[in-house]
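Read the structure below first, then the notes.
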Amino acid sequence: MGDSLSQAVTAFGLDVYNKLNKSGACKNVFISPLSISAAMAMVVGGAMGSTKTQMEKVSIETNVPPGASYNDPFLCWHLSDIQATSEFKKLLLQLNNLSPAYQLNLANNLFIQAGHKFLQQYLTFTKETFGAMLQTVDFSNAVEEAREIINLEIERQTQGKRAIGELFAPGVIGPEAVLVLGNAVYFKATWEHQFDPNCTVERAFRLSKNASKPVHMMHQKGIFKLGYMRGTNARILCLPYVGEVLSMLIMLPKDIGDLEQVNQKQANFAHWTASENMEEDHVEVYIPRFKLEDSFDLNMTLQALGMIDVFDKSKANLSGMSPSHPLFLSNVLHKAFLEVNEEGTEAAAVAGAVISIRSLVTYDLFLVDHPFLFCIQHNPTNTVLFLGKLCSP
Numbered sequence: 001m002g003d004s005l006s007q008a009v010t011a012f013g014l015d016v017y018n019k020l021n022k023s024g025a026c027k028n029v030f031i032s033p034l035s036i037s038a039a040m041a042m043v044v045g046g047a048m049g050s051t052k053t054q055m056e057k058v059s060i061e062t063n064v065p066p067g068a069s070y071n072d073p074f075l076c077w078h079l080s081d082i083q084a085t086s087e088f089k090k091l092l093l094q095l096n097n098l099s100p101a102y103q104l105n106l107a108n109n110l111f112i113q114a115g116h117k118f119l120q121q122y123l124t125f126t127k128e129t130f131g132a133m134l135q136t137v138d139f140s141n142a143v144e145e146a147r148e149i150i151n152l153e154i155e156r157q158t159q160g161k162r163a164i165g166e167l168f169a170p171g172v173i174g175p176e177a178v179l180v181l182g183n184a185v186y187f188k189a190t191w192e193h194q195f196d197p198n199c200t201v202e203r204a205f206r207l208s209k210n211a212s213k214p215v216h217m218m219h220q221k222g223i224f225k226l227g228y229m230r231g232t233n234a235r236i237l238c239l240p241y242v243g244e245v246l247s248m249l250i251m252l253p254k255d256i257g258d259l260e261q262v263n264q265k266q267a268n269f270a271h272w273t274a275s276e277n278m279e280e281d282h283v284e285v286y287i288p289r290f291k292l293e294d295s296f297d298l299n300m301t302l303q304a305l306g307m308i309d310v311f312d313k314s315k316a317n318l319s320g321m322s323p324s325h326p327l328f329l330s331n332v333l334h335k336a337f338l339e340v341n342e343e344g345t346e347a348a349a350v351a352g353a354v355i356s357i358r359s360l361v362t363y364d365l366f367l368v369d370h371p372f373l374f375c376i377q378h379n380p381t382n383t384v385l386f387l388g389k390l391c392s393p
């Protein structure tokens with residue numbers, strides 16, 4: 001699999017994250033760049049004219065380091081790059097065939113007003129590439145019933161994970177809706193090296209320089225990959241999930257006031273998260289136990305990135321989906337859920353053998369007791385599946 005897909009997904013995800021984080025307030029943010037990218041690629045596949053051009057020319061607004069330009073490969077990726085059908089099919093196939101230790105459920109669906117018909121070519125494209133289904137509902141005469149149908153379908157595709165809850169709350173969808181995109185993702189996995197629940201302790205998590213809250217802090221000692229983040233006063237720790245196919249990368253500023261510095265240096269993201277730029281070390285890890293559930297209406301965010309026409313009833317050209325009926329995108333909602341706890345693969349015998357050695361070495365302390373960034377990465381392709389900021393567990 002080429003680098004273009006993984007880099008495009010990462011870049012697009014960073015751009016969406018930056019728009020959602022634009023206020024600068026220290027609030028929790030959690031998105032799935034892969035899931036949003038797949039959803040937008042579905043729409044691009046049916047867009048024509050200026051609608052398609054605008055979506056393909058969404059570029060990354062990252063902080064450009066000295067000597068770099070927006071023509072550099074990682075700084076300017078177009079949405080058309082993530083529409084590499086064969087690469088998407090390969091990646092989604094890999095993710096759908098992870099070991100039973102992983103729960104990764106993605107749902108991308110298009111819901112259209114009854115009476116509109118899709119081209120068979122477009123139906124085949126979305127189903128074969130993204131596993132997506134298109135469904136007709138009656139927004140005009142039964143909008144509440146349509147909302148319930150959409151929520152039930154999303155729940156079914158995430159294997160009934162109640163954690164996702166309702167994607168569309170009452171009142172979000174109006175009777176004037178014609179085309180609605182539902183996008184949700186649920187993830188849960190076990191660690192390659194489990195945290196012993198008996199070692200979880202209560203410690204203070206610093207919310208700001210003047211405020212803190214008690215949290216359940218997971219703790220373990222072991223050998224982990226650790227690196228320094230170029231251009232920042234921060235470090236990065238790699239916590240692998242079972243089988244080391246996926247990993248959580250925690251980007252921790254040295255102090256609570258340095259998080260914005262990390263946000264401003266995202267042009268280095270690919271360098272930060274590259275495995276070859278980290279080294280294995282003996283590390284003592286403290287990380288809060290937390291759950292994140294975030295829901296965003298992405299309409300304004302995507303328009304701010306330059307996707308204007310697709311949301312405009314008078315300008316949208318989605319004739320690649322349905323040439324006989326004028327369509328426009330009414331709503332794009334994204335919801336993601338993540339749970340981080342002590343669960344991991346059973347390795348008691350190995351742990352017992354290692355404990356006698358641990359007392360002979362010095363451990364580098366990695367204490368996650370203040371706001372940090374993190375991502376969950378598919379290691380074989382370096383694709384960022386999830387991206388988040390935790391300010392308050």
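No gaps in the numbering here: position 124 of the sequence shown is 124 in UniProt numbering, and each next residue is one more.
Cβ coordinates follow ideal geometry from the N, Cα and C atoms, glycine included.
With distances taken between CB atoms, is the gap from residue i to residue j smaller than 8 Å?
| i | j | result |
| --- | --- | --- |
| residue 113 | residue 29 | no |
| residue 187 | residue 103 | yes |
| residue 125 | residue 45 | yes |
| residue 173 | residue 118 | no |
| residue 310 | residue 237 | no |
| residue 235 | residue 370 | no |
| residue 320 | residue 132 | no |
| residue 129 | residue 317 | no |
| residue 262 | residue 248 | no |
| residue 390 | residue 372 | yes |
| residue 106 | residue 123 | no |
| residue 330 | residue 143 | no |
CA-CA distance, residue i and residue j?
| i | j | result |
| --- | --- | --- |
| residue 167 | residue 229 | 36 Å |
| residue 388 | residue 148 | 29 Å |
| residue 306 | residue 199 | 49 Å |
| residue 351 | residue 362 | Residue placement at residue 351 is flagged as unreliable, the pLDDT there being 26, under the threshold of 50; the coordinate-derived value follows with that caveat. Answer to the nearest angstrom: the Cα atoms are 17 Å apart. |
| residue 154 | residue 336 | 12 Å |
| residue 58 | residue 302 | 9 Å |
| residue 287 | residue 56 | 39 Å |
| residue 211 | residue 22 | 23 Å |
| residue 374 | residue 255 | 16 Å |
| residue 339 | residue 292 | 6 Å |
| residue 16 | residue 343 | 31 Å |
| residue 145 | residue 6 | 38 Å |
| residue 197 | residue 218 | 7 Å |
| residue 260 | residue 141 | 47 Å |
| residue 313 | residue 328 | 5 Å |
| residue 176 | residue 40 | 22 Å |
| residue 60 | residue 37 | For residue 60, the predicted structure reports a pLDDT of 39, less than 50, and the residue's modelled location is therefore unreliable. A value from the coordinates is still provided. If I take the Cα positions, the gap works out to 14 Å. |
| residue 253 | residue 182 | 35 Å |
| residue 364 | residue 281 | 8 Å |
Which stretch, first to last residue, makes up the alpha helix (DSSP H) that contains residue i?
| i | result |
| --- | --- |
| residue 150 | 143-157 |
| residue 107 | Segment 102-113 is the beta strand (DSSP E) holding residue 107; no alpha helix (DSSP H) there. |
| residue 39 | 33-44 |
State the start and end residues of the unbroken beta strand (DSSP E) segment that holds residue i.
| i | result |
| --- | --- |
| residue 186 | 179-189 |
| residue 388 | 383-390 |
| residue 224 | 212-228 |
| residue 245 | From DSSP, residue 245 is part of no beta strand (DSSP E); its letter is neither H nor E. |
| residue 330 | 329-340 |
| residue 56 | Premise fails: residue 56 lies in the alpha helix (DSSP H), 49-56, not in any beta strand (DSSP E). |
| residue 259 | Unbroken run through residue 259 is the alpha helix (DSSP H), 259-264; no beta strand (DSSP E). |
| residue 366 | 364-367 |
Validate contact between the segment 6-24 and the segment 269-279 using beta carbons, cut 8 Å, 3 pairs: Contact holds: three or more Cβ-Cβ distances are below 8 Å.
Please give the ranges of any beta strand (DSSP E) in the segment 288-327, keeping only runs that are unbroken, at least 3 residues long and fully inside the region. Runs of the beta strand (DSSP E) spanning 3 or more residues and lying entirely within the segment 288-327 occur at 290-297, in chain order.
Using 8 Å as the Cβ pair cut-off and three pairs as the minimum, do the segment 83-102 and the segment 242-261 touch? Cβ pair count under 8 Å is three or more, so yes.
Hey, which unbroken runs of the beta strand (DSSP E) at 3 residues or more fall wholly within the segment 112-141? DSSP runs (the beta strand (DSSP E)) wholly in the segment 112-141: 133-137.
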